[in-house]
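K.L.:
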Amino acid sequence: MVFSSLLFIFIFLPAVLFLYYCAPKRIKNLVLFLTSLVFYAWGEPVYIVIMLLSTVTDYSFGLLLSHSRLNPAQRKWIVVCSVIVNLSLLSYFKYADFLINNVNGLLGTHIPLTELALPIGISFYTFQSMSYIIDVYRGTAKAQRNWIDFGTFVALFPQLVAGPIVQYNTLAEQLRKRSVNIELFAEGIRRFIIGLAKKVLLANNIGMLWHTVSSSDLGTMPVMTAWLGIIAFAFQIYFDFSGYSDMAIGLGLMFGFRFNENFNKPYIAQSITDFWRRWHISLSSWFRDYVYIPLGGNRRGLGIQLRNILVVWLLTGLWHGANWNFILWGLYFGIILMIEKWWALKLLQRSPRWIRHTYAIVLILIGWVIFAFDKLPQVQGYLKAMFGLNGVPLWNDNTLYFAYTNVILIIVLVIASMPIKKVDTLVSRSTIWNLAWCAILFVLSVAYLVDASFNPFLYFRF
Amino acid sequence: MKQKTDRILVGGFVAVLFLMSLTFFLLPVKRFSELENRYLQGVPHLTWDNVISKRYAEEAEGFVKDHFPLRADWVWVKSGVEQLRLQQENNGIYKGKDGYLFEKFAEPNASKLLQYTDAINKFAGSHPEANMTFMLAPTSIGLYPERLPWKAPYYSEAKVNGTVGESVRNNNLTFINGFDFLQPHASEDIYYRTDHHWTTRGAYYAYVAYCNKVGWKPLSEKEFHIQNVSHSFLGSYHTRSQFSGLTPDTIQSYIPNKPSHSEMYIADTEQTLTSLYDQSYLGKKDQYSYFLGGVHALMTIKSKLEPKNIDKDKLLVIKDSYAHSFIPFLTQHVSEIHIIDIRYYNGSIKEYMAANGIKDVLMLFNTGTFVENDEILKISN
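Each protein sequence line maps, in turn, to chains A and B. First residue of the first sequence? That's 1 in the numbering used here, and the numbers climb one at a time after it. First residue of the second sequence? That's 1 in the numbering used here, and the numbers climb one at a time after it.
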């Protein structure tokens, strides 16, 4: 089930709210745990077993770790075991076929593919459970003895399928004790509606432009169409993902949870380093806290630091998907970040603001080209179109049509990507105007959702 | 103040959620949507197998979507917002000039198109004894590209029809390009503005062109009593796009001054009707089904004609719905018309022709559906 569906908004959510607020305090987590299982089972009635397996394993490892009579070596072994279990599950479902394909291609073997579908959210919940075990090992969190509370942490439906990736130590306290009041609940509703509108009104609509552009012939694509297309994709992925995070944060608030922010206006970044502090923050901080810093971070000399950056970005790329383009995408940013650390940041600091911004945006957009196409020749073809190597005019009639039929949407997208206080408070501050805005955004979002399901069957067509 | 607005927001939001969810359980379950012209998702069945196979989830989602209150009004809101933001299309329909709506037409897949024309050639080749005509009619976007929104992308149907005309080659096969007989009359109302069909007048020009090609004498327009049977036709383009502020189309019927008595047998339902027109559809959404009562896999129309007026005893028409307003004209010339809708007819056309002693065939399709329907491949089975 996705948040931006009529079924979720008008059936699942009211049902969960009803159960949660009718339940006595001590079983509220149980209600959340069970309804989260229903939420997950809705999309993955079979793979829910995998999620439960991962949960039970880490719960048990956590209990083991809390045993006081263990020596450090034994504790280390427990953590290693847990990480191996989690990564094996993730690798088997996510990377096995990619590996087999490459081995087959390289050695000419015919190892059959597993052809397993990727269980929804597996990349998110395995990372969350790992964070728990590592936090307990490091002593930054206490082992959770209550299996319902632990299950709730892993399965909590607002962030189960697409994050934010919640680190255990930020949620441990809230699992035990949290309170909701009208103010917080209203904040949650506003956040949910903003997220819904971002996804349904902005991301989906600009996504159609990207869909049209990316499915047309790359060999004859004019420069301006290519740029318009990738800008559309950049907006689509940002508003899609941050909209989803907003909805998750909003839903969390409705049940008294405060998740950390996942995005912070990434497209105003002044460098790639800056961009990655603003984009998918929960993932970057996960890699920072559980990979980069344990590897030595930046405290063991520039050489080690550059190596660490490369490792983290290789993994980041791979995390996004089992495909060469994602690996390339990760390396692309890894290398840029290395160069920035080494000397480029110093140079950038001396340049005017607009140069810094243009530099960052162009590199981000090229990154999105690598991200968007899963076949490398397409990446190449699209980049060729962007940089005018096709030998066609700068624009054509289609470019004009795409531009004027989307110009208003793009203006809205640009405004919504910028840190303009007035715009942000329009929907987030509690006033009568804000009420009206929330109502309008909600009604419009529902209208677009209903339209997407509107499916006249024209059987008399043929 | 802040407290108060927060309360209103929470109360309002929760109330809307609960009221809406109640409507799904309380409102009666509709089976058929007149507007969308399809059966709606029924109440999902909660069984173990259905849950495991995700079928329950799919059905429940379908149910909520299909039974969402005031569906058309929500779509209307969306369509209005899209126009405000200068979007010129909604759900694949362009809002053109002069009240015309157009369906997008992109460059067809060349290899697919070749398969379709090959199927037609193969079909003609395997019936050397039969006379075959293939008429390919453009849709409105083909004739009126200048009425599209500014700079809107489209692919030329004239080009497609030209290609098809060159690829269907056989001694016993004649190709009629719809552009040849419609282009001279482009300034007349030969297409509905809100629907994907040609008007009865468009169909009349097709009839004249067909008669001329096969050597019959067509009736002149004066020999018909032309009636406006509906002024409230909002067709399939309107249904899909839900653009507002459109003028409904008029549906005309051409009744010959000297009508002949025709009987229409619908094999699908084993019904025999005495009229070629079904008045009841004029009160519904799908008004084009007024002609021949809509789509059927197989029909036969027998007409009592004076022997001197009979140009052919038997004719097989293999068609899409463009034929529905066209076929009534033929009943003035042919005493027995067999009509097969290739999408729904699954028998062998070869066997059907042999069993019914058919020597003359007309294939009538519009360009829009011809280039994207694999069903056409069944023709050579």
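Idealized CB from N, CA, C, for every residue including glycine. All figures in this text were calculated on a predicted structure; none of them were measured in a lab.
Determine, using beta carbons only, whether F462 of chain A comes closer than 9 Å to chain B.
P.N.:
Your numbering for residue 462 of chain A matches position 462 in the first sequence. Bear in mind that a pLDDT of 34 at F462 of chain A, under 50, signals an unreliable position, so the number given afterwards is only what the model happens to contain. Yes - at least one Cβ of chain B is within 9 Å of the one on F462 of chain A.
K.L.:
Should the region 26–38 of chain A be regarded as contacting the region 154–162 of chain A, the criterion being three or more beta carbon pairs within less than 8 Å?
P.N.:
As far as the Cβ criterion goes, the region 26–38 of chain A touches the region 154–162 of chain A, which means the pair count is three or higher.
K.L.:
Name the DSSP bridge partner or partners of V317 of chain B?
P.N.:
On the second sequence, residue 317 of chain B is found 317 positions in, with the first residue counted as 1. Its beta-bridge partners are B:I339, B:L362.
K.L.:
Rounded to a whole number of angstroms, what is the C-alpha to C-alpha distance between E58 of chain B and L389 of chain A?
P.N.:
Translated into the one-based positions of the second sequence, residue 58 of chain B becomes position 58. Translated into the one-based positions of the first sequence, residue 389 of chain A becomes position 389. The straight-line gap from Cα to Cα measures roughly 46 Å.
K.L.:
Looking at the strands, I want to know which residues DSSP matches up with F235 of chain A.
P.N.:
Sequence index remark: in the first sequence, residue 235 of chain A carries index 235 (1-based). Its beta-bridge partners do not exist; DSSP assigns none.
K.L.:
Anything in chain A within Cβ reach of T5 of chain B, meaning under 9 Å, just list it in chain order.
P.N.:
If you number the second sequence from 1, residue 5 of chain B lands on position 5. Within 9 Å Cβ-Cβ: A186, S430, T431, I432, N434, L435.
K.L.:
If contact means a Cβ-Cβ distance below 7 Å, which residues of the region 76–100 of chain B contact chain A?
P.N.:
V77, K78, V81, R85, L86, Q87, Q88
K.L.:
For I266 of chain B, which residues does DSSP report across the bridge?
P.N.:
Start at 1 with the first residue of the second sequence, and residue 266 of chain B comes out as number 266. As DSSP reads the structure, I266 of chain B sits in a beta bridge with B:Q271, B:M299.
K.L.:
Using only alpha-carbon positions, find the residue among B:R55, B:K159, B:L362, B:S335 that is nearest to K302 of chain B.
P.N.:
As a working mapping, residue 302 of chain B is identified with position 302 in the second sequence. Closest by alpha carbon: B:S335.
K.L.:
Can you check whether the C-beta of E157 of chain B is within less than 9 Å of a C-beta belonging to chain A?
P.N.:
In the second sequence, residue 157 of chain B corresponds to position 157, counting from 1. Chain A, which has no Cβ nearer than 9 Å to the Cβ of E157 of chain B, makes this no.
K.L.:
If you draw a straight line from the C-alpha of E263 of chain B to the C-alpha of I255 of chain B, how long is it?
P.N.:
Translated into the one-based positions of the second sequence, residue 263 of chain B becomes position 263. Translated into the one-based positions of the second sequence, residue 255 of chain B becomes position 255. If I take the Cα positions, the gap works out to 15 Å.
K.L.:
Look up T133 of chain B in the DSSP assignment and say whether it is helix, strand or coil.
P.N.:
Locating residue 133 of chain B in the second sequence gives position 133, where the first residue counts as 1. Strand.
K.L.:
Give, in chain order, every residue of the region 376–390 of chain A whose Cβ lies closer than 9 Å to some Cβ of chain B.
P.N.:
Flagged: no residues at all.
K.L.:
Indicate whether R288 of chain A and V312 of chain A have their beta-carbon atoms separated by less than 9 Å.
P.N.:
For the purposes of this step, residue 288 of chain A is identified with residue 288 of the first sequence, where counting begins at 1. For the purposes of this step, residue 312 of chain A is identified with residue 312 of the first sequence, where counting begins at 1. Their beta carbons are under 9 Å apart, which means R288 of chain A touches V312 of chain A by this criterion.
K.L.:
Using the C-alpha atoms, what's the distance from N325 of chain A back to K346 of chain A?
P.N.:
Residue mapping note: residue 346 of chain A aligns to position 346 of the first sequence, counting from 1. Residue mapping note: residue 325 of chain A aligns to position 325 of the first sequence, counting from 1. Using only the alpha carbons, I get a separation of about 30 Å.
K.L.:
Please list, in chain order, all residues of the same chain as W279 of chain A whose beta carbon is under 6 Å from its beta carbon, the five residues on each side excluded.
P.N.:
Working through the first sequence from its first residue, we reach residue 279 of chain A at position 279. Only P266 meet the Cβ criterion.
K.L.:
Just to confirm the assignment: which complete alpha helix (DSSP H) runs, minimum length 4, are found wholly within the region 179–206 of chain A?
P.N.:
DSSP runs (the alpha helix (DSSP H)) wholly in the region 179–206 of chain A: 182–197.
K.L.:
Between which two residues does the alpha helix (DSSP H) holding D98 of chain B run?
P.N.:
On the second sequence, position 98 is the one that residue 98 of chain B refers to. Counting along the chain, D98 of chain B falls outside any alpha helix (DSSP H), and DSSP gives it neither H nor E.
K.L.:
Identify, in the order they occur along the chain, each residue of the same chain with its Cβ nearer than 7 Å to the Cβ of T435 of chain B, setting aside the five sequence neighbours on each side.
P.N.:
Nothing in the structure corresponds to residue 435 of chain B, since chain B is present only between 1 and 381.
K.L.:
Could you tell me the distance, in whole angstroms, from the CA atom of L107 of chain A to the CA atom of G330 of chain A?
P.N.:
Counting from one through the first sequence, the residue named residue 107 of chain A turns up at place 107. Counting from one through the first sequence, the residue named residue 330 of chain A turns up at place 330. Cα-Cα distance, rounded: 26 Å.
K.L.:
Measure from the C-beta of G43 of chain A to each C-beta in chain B and report whether the shortest distance is under 9 Å.
P.N.:
Numbered from its first residue, the first sequence carries residue 43 of chain A at position 43. Interface residue, yes.
K.L.:
Just to confirm, are T133 of chain B and T174 of chain B a CB contact at a threshold of 9 Å?
P.N.:
Position 133 of the second sequence, counted from the first residue, corresponds to residue 133 of chain B. Position 174 of the second sequence, counted from the first residue, corresponds to residue 174 of chain B. Cβ atoms of T133 of chain B and T174 of chain B: closer than 9 Å.
K.L.:
Taking the beta carbon of L234 of chain B as the centre, do at least 16 other beta carbons fall within 10 Å, making it buried, or is it exposed?
P.N.:
For the purposes of this step, residue 234 of chain B is taken as the residue at position 234 of the second sequence. Burial call: buried.
K.L.:
Taking all protein chains shown into account, do 16 or more other C-beta atoms lie within 10 angstroms of the C-beta of F460 of chain A, making it buried, or fewer, making it exposed?
P.N.:
Your numbering for residue 460 of chain A matches position 460 in the first sequence. Low confidence applies here, because F460 of chain A scores a pLDDT of 37, under 50, leaving its location unreliable; read the following figure in that light. Its Cβ being crowded by 16 or more others within 10 Å, F460 of chain A is buried.
K.L.:
How is the beta strand (DSSP E) around I176 of chain B delimited, first residue to last?
P.N.:
The count along the second sequence starts at 1 and reaches residue 176 of chain B at position 176. Unbroken beta strand (DSSP E) run through I176 of chain B: 173–177.
K.L.:
Name, going along the chain, the residues of the region 53–79 of chain B whose beta-carbon falls closer than 9 Å to a beta-carbon of chain A.
P.N.:
S53, K54, Y56, A57, A60, E61, G62, F63, V64, K65, D66, F68, L70, R71, A72, D73, W74, V75, W76, V77, K78, S79
K.L.:
Can you tell me whether Q3 of chain B is helix, strand or coil according to DSSP?
P.N.:
Position 3 of the second sequence, counting from 1, holds the residue named residue 3 of chain B. Q3 of chain B: helix per DSSP, three-state reduction.
K.L.:
Please give the ranges of any alpha helix (DSSP H) in the region 175–207 of chain B, keeping only runs that are unbroken, at least 4 residues long and fully inside the region.
P.N.:
178–182
K.L.:
Can you give me, in chain order, the residues of the region 221–255 of chain B that have a beta carbon less than 9 Å from any beta carbon in chain A?
P.N.:
Cβ contacts with chain A: S236, T239, R240, Q242.
K.L.:
Could you please give me the residues that DSSP links to V334 of chain B through a beta bridge?
P.N.:
Position 334 of the second sequence, counted from the start, is the residue given in the question as residue 334 of chain B. DSSP output for V334 of chain B lists B:K312 as bridge partner(s).
K.L.:
Go to T474 of chain A, then tell me how far its alpha helix (DSSP H) extends in each direction, as first and last residue.
P.N.:
Beyond the ends of chain A as shown, which are 1 and 462, falls residue 474 of chain A; an answer cannot be given.
K.L.:
What three-state label does DSSP hand S88 of chain A in the structure shown?
P.N.:
On the first sequence, position 88 is the one that residue 88 of chain A refers to. If DSSP states are grouped into helix, strand and coil, S88 of chain A belongs with the helices.
K.L.:
Let me see if you follow: with CB-CB separation under 9 Å, is L276 of chain B close to chain A or not?
P.N.:
Walking along the second sequence from the start, residue 276 of chain B turns up at place 276. So, not an interface residue.
K.L.:
Return no unless some Cβ of chain A is closer than 9 Å to the Cβ of V51 of chain B.
P.N.:
Position 51 of the second sequence, counted from the start, is the residue given in the question as residue 51 of chain B. V51 of chain B counts as touching chain A.
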